[in-house]
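Protein chains in written order, with full-length UniProt numbering: chain Z, 1 to 381; chain B, 1 to 267.
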Amino acid sequence: MSLQTNNGTSSHSPLVCLQSLNKEYGNFTAVDHINLNIQKGEFLTFLGSSGSGKSTTLSMIAGFETPTSGEILLNEHSLIQIPSHKRGIGMVFQHYSLFPHMNVRDNIGFPLDIRKIPKAERDKKVDDILKLVQLETFADRRPSMLSGGQKQRVAIARALVYEPDILLMDEPLGALDKKLREDLQDELRLLHKRLGITIIYVTHDQDEAMRLSERIAIFKEGKIVGLGTGKDLYRKPPNAFVASFLGSSNFLKVKVSGPNSATFEGQTIQLDSEHDVPFNQQALLMIRPENLQVLSEDQATQSPIQTDENEAFGTVNESVFLGESLTCSITTADGSLVTSKSIATDLPEIEPGAKVRLRWKVQHSSVYSKWERSDIEKDAS
Amino acid sequence: MLLSQGSMGWKLKSSLYVITGAIAAFLALPIFFIVALSFGSSRWLVFPPPKWTLKWYEKFFENPQWIDSAMTSLQVALLTSVIATLIALPASFALVRGKFKGRDYLYSLFTLPMIVPVVIIAVAVYGVFLNLGLTGTLFAFVVSHVIVALPFAVISIINSLRLFDKSIEDAAVICGAHRLQAIFKVTFPSIKPGIFAGALFAFLVSWDEVVISVMMASPELQTLPVKMWSTLRQDLTPVIAVASTLLIFLSLIIMVMAGLARRYSNR
Chain Z
1 MSLQTNNGTS
11 SHSPLVCLQS
21 LNKEYGNFTA
31 VDHINLNIQK
41 GEFLTFLGSS
51 GSGKSTTLSM
61 IAGFETPTSG
71 EILLNEHSLI
81 QIPSHKRGIG
91 MVFQHYSLFP
101 HMNVRDNIGF
111 PLDIRKIPKA
121 ERDKKVDDIL
131 KLVQLETFAD
141 RRPSMLSGGQ
151 KQRVAIARAL
161 VYEPDILLMD
171 EPLGALDKKL
181 REDLQDELRL
191 LHKRLGITII
201 YVTHDQDEAM
211 RLSERIAIFK
221 EGKIVGLGTG
231 KDLYRKPPNA
241 FVASFLGSSN
251 FLKVKVSGPN
261 SATFEGQTIQ
271 LDSEHDVPFN
281 QQALLMIRPE
291 NLQVLSEDQA
301 TQSPIQTDEN
311 EAFGTVNESV
321 FLGESLTCSI
331 TTADGSLVTS
341 KSIATDLPEI
351 EPGAKVRLRW
361 KVQHSSVYSK
371 WERSDIEKDA
381 S
Chain B
1 MLLSQGSMGW
11 KLKSSLYVIT
21 GAIAAFLALP
31 IFFIVALSFG
41 SSRWLVFPPP
51 KWTLKWYEKF
61 FENPQWIDSA
71 MTSLQVALLT
81 SVIATLIALP
91 ASFALVRGKF
101 KGRDYLYSLF
111 TLPMIVPVVI
121 IAVAVYGVFL
131 NLGLTGTLFA
141 FVVSHVIVAL
151 PFAVISIINS
161 LRLFDKSIED
171 AAVICGAHRL
181 QAIFKVTFPS
191 IKPGIFAGAL
201 FAFLVSWDEV
211 VISVMMASPE
221 LQTLPVKMWS
231 TLRQDLTPVI
241 AVASTLLIFL
251 SLIIMVMAGL
261 ARRYSNR
């Protein structure tokens with residue numbers, strides 16, 4: 001199969017191109033002028049909560065929804081006027097959506113039967129793909145006789161058997177339990193590596209997005225508010241929403257006092273030089289809990305502060321031992337609440353009520369000049 | 001729980017059994033009596049029958065009028081069932097999938113014949129067909145029966161279509177099937193039990209319809225319930241019990257078939 005020899009060598013023009021894609025339902029804007037390029041062979045995930053527009057965008061690529069305006073290009077050709085069944089796109093749905101009255105073999109053979117592929121070729125392709133997803137022994141079963149994981153594999157096989165340019169997956173693992181989901185995530189990642197197919201994957205589960213994808217597009221209210229590798233989005237979130245949405249985060253209100261300095265609770269702290277906050281303005285400083293080091297007063301005096309470090313004062317409210325890690329809830333001098341997370345191998349003795357120093361490296365903090373209350377209050381809700 | 005048998009006292013429990021039994025008997029006894037009387041030897045429908053006999057069945061099957069009316073009933077019911085289902089199928093798709101103004105009103109319109117007293121529909125269609133000179137024709141029977149049978153077919157198909165996961169059809173479309181192809185190859189086979197049940201209900205409605213049929217009937221063309229009705233007015237003969245028993249028997253078979261179809265669809 002040509003499927004297996006395709007290594008996804010990236011060409012200059014993107015495979016899929018969304019240009020100012022817009023979808024409105026009455027007064028409600030589901031997808032708000034999205035621009036996005038998807039490269040050949042890429043595994044891209046649309047991540048967002050429900051109603052963020054990720055599924056609507058996928059539906060528009062599949063052709064089940066018609067854009068209000070904008071353009072979708074596949075291999076530089078517009079898809080807008082092409083009906084779903086002629087787009088040559090593969091799709092895996094949330095509830096598998098297998099044909100209940102057909103056995104596994106006929107489910108997978110369906111796209112080939114529709115295309116009137118000669119029987120011998122059809123059977124060979126079905127056999128090949130059955131082998132690929134390791135379902136040879138289940139070929140004659142009805143979907144109702146399969147487990148959730150097997151159904152999902154049939155759905156993937158059915159979507160791949162006609163060698164589509166692109167595979168869309170709409171929360172395909174949402175209905176499975178955690179253990180099976182993680183196994184299938186690993187399988188899917190391997191499948192993607194081996195076949196080099198282009199996958200657009202939709203999920204609301206950030207762990208899944210991190211585990212699977214090469215790039216993540218974070219959706220919020222119909223817009224893409226973050227786009228990049230999981231690592232980049234986590235380490236240097238482009239805005240407060242992404243910082244708060246991906247993983248946990250501490251937000252401190254600071255006042256910018258120079259090109260790379262600010263005041264926090266009366267103290268001057270250093271900022272990473274990459275920020276665009278005007279002088280003398282309020283800003284939000286974001287530090288991940290695992291980048292916040294907690295030291296007792298004794299430890300602090302023994303190990304002097306490094307040049308690339310900042311320090312703040314606080315009082316411990318509570319510390320919780322979680323096996324591999326220890327989390328501390330700390331109130332700073334002026335009453336901001338922060339959380340730290342340390343690997344629990346060499347524990348500092350931290351008792352509730354203890355006075356502590358908080359230290360973090362300058363490059364581990366991000367600064368934002370604009371934010372909405374809802375962006376940073378995710379953890380509270 | 002109020003409805004948990006285990007926590008009930010024996011008094012409550014036994015009185016519940018008595019009441020349930022009494023209601024069941026109240027519902028089933030007339031049927032039981034009629035069936036028993038059809039095999040009874042008494043000309044005057046004495047109960048319990050003094051002797052058992054099959055002579056009323058002989059009389060029924062010897063009389064071409066009874067056989068003709070039974071065949072007419074079967075013909076009308078079959079045609080009604082097929083036509084009602086063929087109308088209900090696209091109507092159900094429009095009512096479930098359609099996004100147009102007044103969809104809910106249209107749904108109400110389709111179910112209206114179930115709510116409007118049958119006699120009103122009967123008088124109305126009688127007036128129309130009388131004007132057209134069509135009373136006493138198979139056409140008039142079928143058209144008027146389709147009116148009252150349609151809601152049952154529509155409701156049954158709509159229910160199965162609502163339960164059907166449309167993404168299965170979408171999957172067929174993205175696999176390369178034209179929407180209509182997907183509906184015929186995937187959606188219809190999946191909702192087949194619902195379509196089948198709808199057809200059976202439509203058949204049953206026509207099969208025991210009497211109010212409209214009395215108006216549509218002519219001496220030459222009448223359905224079994226009409227023949228029973230007119231016979232009953234002249235003469236109380238046990239042959240009517242025979243006709244009733246046969247009517248019930250066929251209805252029972254159809255109910256069992258509908259039940260099986262439903263069970264199949266729930267799998």
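All C-beta atoms in this analysis are idealised placements derived from N, C-alpha and C, irrespective of residue type, glycine included.
So what's Z/V225 in DSSP terms, helix, strand or just coil? Residue mapping note: residue 225 of chain Z aligns to position 225 of the first sequence, counting from 1. Strand, per DSSP.
- Measure from the C-beta of Z/F99 to each C-beta in chain B and report whether the shortest distance is under 7 Å. Your numbering for residue 99 of chain Z matches position 99 in the first sequence. With 7 Å as the cut-off, Z/F99 counts as an interface residue toward chain B.
Quiz item: Relative to the C-alpha of Z/R181, which residue among Z/P304, Z/E136, Z/G149 and Z/A30 is closest?
Solution: Here residue 181 of chain Z is taken as the residue at index 181 of the first sequence, counted from 1. Out of Z/P304, Z/E136, Z/G149 and Z/A30, Z/G149 has the C-alpha closest to the C-alpha of Z/R181.
Let me check one thing: in DSSP terms, what residues is Z/Q94 bridge-paired to?
As a working mapping, residue 94 of chain Z is identified with position 94 in the first sequence. Its beta-bridge partners do not exist; DSSP assigns none.
Work out the CA separation of B/D208 and B/L132 for me, nearest whole Å.
-> Taking the first residue of the second sequence as position 1, residue 132 of chain B is located at position 132. Taking the first residue of the second sequence as position 1, residue 208 of chain B is located at position 208. Distance between the alpha carbons of B/L132 and B/D208: 25 Å.
Worksheet item: Would you say B/A241 and B/I19 are within 7 Å of each other, going by their C-beta atoms?
Response: The sequence position of residue 241 of chain B within the second sequence is 241, counting from 1. The sequence position of residue 19 of chain B within the second sequence is 19, counting from 1. For B/A241 and B/I19, no; Cβs fall outside 7 Å.
Proximal chain Z residues relative to B/D165, where beta-carbon distance stays under 9 Å: In the second sequence, the residue the question calls residue 165 of chain B occupies position 165. Under the 9 Å cutoff, chain Z gives F93, H95 and S97.
Checklist entry - Going by other Cβ atoms of all chains shown within 10 Å of its Cβ, with 16 needed for buried, is Z/K54 buried or exposed? => result Taking the first residue of the first sequence as 1, we reach residue 54 of chain Z at position 54. Z/K54 should be labelled buried.
Measuring from the CB of B/Q65, is there a heavy atom of the ligand HEM at a distance below 6 Å? Among the components modelled here there is no ligand, and therefore nothing to report on the ligand HEM.
field: Neighbour list for Z/S50 in chain B, Cβ cutoff strictly below 7 Å
entry: If you number the first sequence from 1, residue 50 of chain Z lands on position 50. Neighbours of Z/S50 on chain B: none; closest Cβ ~16 Å, over 7 Å.
Contacts that B/V186 makes with chain Z (C-beta to C-beta distance below 7 Å) | Residue numbering aside, residue 186 of chain B sits at position 186 when the second sequence is read from its first letter. Result: F99.
I'd like to confirm the pairing. Which residues does DSSP put opposite Z/E24 in its beta bridges? Translated into the one-based positions of the first sequence, residue 24 of chain Z becomes position 24. In the DSSP output, where bridge partners are listed per residue, Z/E24 has Z/T29.
Across which residues does DSSP place Z/K220 in a beta bridge pair?
-> Walking along the first sequence from the start, residue 220 of chain Z turns up at place 220. For Z/K220, which the question treats as bridged, DSSP gives the partners Z/K223.
| said: Using a Cβ-Cβ cutoff of 7 Å, what residues of the stretch 145-156 of chain B are near chain Z? List them in chain order. | reply: Answer set for the stretch 145-156 of chain B: empty.
Next on the checklist: Counting only Cβ-Cβ distances shorter than 8 Å, please list the residues of the stretch 103-122 of chain Z near chain B, keeping chain order.
Outcome noted: F110, P111, I114 and R115
* Asked: Among the residues of its own chain, which have a CB less than 7 Å from the CB of Z/L138, if the five just before and after it don't count?
  -> To locate residue 138 of chain Z, count along the first sequence from 1; it is residue 138. The residue asked about is misnamed: residue 138 of chain Z is Phe in this sequence, not Leu. Counting only Cβ-Cβ distances below 7 Å, and skipping sequence neighbours, we find V104, L146 and Q150.
Proximity winner among Z/P111, Z/R115 and Z/S244, relative to Z/R373 (alpha-carbon distances): As a position in the first sequence, residue 373 of chain Z is number 373, starting the count at 1. Z/R373 has its Cα closest to that of Z/S244, out of Z/P111, Z/R115 and Z/S244.
**OP:** Find the residues of chain Z that neighbour B/P90, judging by a C-beta separation of less than 8 Å, and give them in chain order.
**Re:** On the second sequence, residue 90 of chain B is found 90 positions in, with the first residue counted as 1. Ordered by position in chain Z, no residue passes the 8 Å Cβ test against B/P90, which lies about 20 Å from the chain.
Quiz prompt | B/F184 classed as buried or exposed, judged by whether at least 16 other C-beta atoms fall within 10 angstroms | solution = Within the second sequence, residue 184 of chain B is the residue found at index 184, counting from 1. Exposed.
Straight-line gap, Z/V242 to Z/G222 (C-alpha atoms, nearest Å)
Here residue 242 of chain Z refers to the residue found at position 242 of the first sequence. Here residue 222 of chain Z refers to the residue found at position 222 of the first sequence. Distance between Z/V242 and Z/G222, taken at the CA atoms: about 14 Å.
Kindly list, in the order they appear in chain B, the residues whose Cβ is closer than 8 Å to that of Z/R158.
-> Counted from its first residue, the first sequence places residue 158 of chain Z at position 158. By Cβ distance, chain B contributes A171 and C175.
(Q) Please report whether the beta-carbon of B/I195 lies at a distance below 7 Å from any beta-carbon of chain Z. (A) As a working note, residue 195 of chain B is residue 195 in the second sequence. So no, B/I195 is outside the interface.
Worksheet entry | Local conformation of Z/R288 per DSSP, three classes | Locating residue 288 of chain Z in the first sequence gives position 288, counting from the first residue. In this structure, Z/R288 counts as coil in the three-state DSSP scheme.
Practice item. Could you pull out every residue in the same chain whose Cβ sits closer than 6 Å to the Cβ of B/F47, ignoring the five residues on either side in sequence? Key: For the purposes of this step, residue 47 of chain B is identified with residue 47 of the second sequence, where counting begins at 1. Cβ within range, chain order: n/a, list empty.
List, in order along the chain, the chain Z residues whose C-beta lies closer than 7 Å to that of B/I168? As a working note, residue 168 of chain B is residue 168 in the second sequence. Those are S97 and F99, listed as they occur along chain Z.
Of all Cβ atoms in chain B, is any one closer than 7 Å to the Cβ of Z/H85?
By one-based count along the first sequence, residue 85 of chain Z stands at place 85. Taking 7 Å as the threshold, the shortest C-beta distance from Z/H85 to chain B falls below it.
Where does the unbroken beta strand (DSSP E) through Z/I166 begin, and where does it stop? In the first sequence, the residue the question calls residue 166 of chain Z occupies position 166. Element bounds for Z/I166: I166 to D170.
- Task: Go to Z/L130, then tell me how far its alpha helix (DSSP H) extends in each direction, as first and last residue.
- Result: To locate residue 130 of chain Z, count along the first sequence from 1; it is residue 130. That run of the alpha helix (DSSP H) goes K119 to L132.
Do you know how far the Cα of Z/P143 is from the Cα of B/W229?
Counting from one through the second sequence, the residue named residue 229 of chain B turns up at place 229. Counting from one through the first sequence, the residue named residue 143 of chain Z turns up at place 143. Looking at the two C-alpha atoms, the distance is approximately 52 Å.
Check your understanding: Which residues in the same chain as B/V239 place their Cβ atom closer than 8 Å to its Cβ, once the five residues preceding and following it in sequence are excluded?
Key -> Position 239 of the second sequence, counted from the first residue, corresponds to residue 239 of chain B. Hits under 8 Å: W56, K59, F60, N63, W66 and T231.
Exercise. Using three-state DSSP, classify Z/R158 as helix, strand or coil.
Key: Mapped onto the first sequence, residue 158 of chain Z falls at position 158. It is helical.
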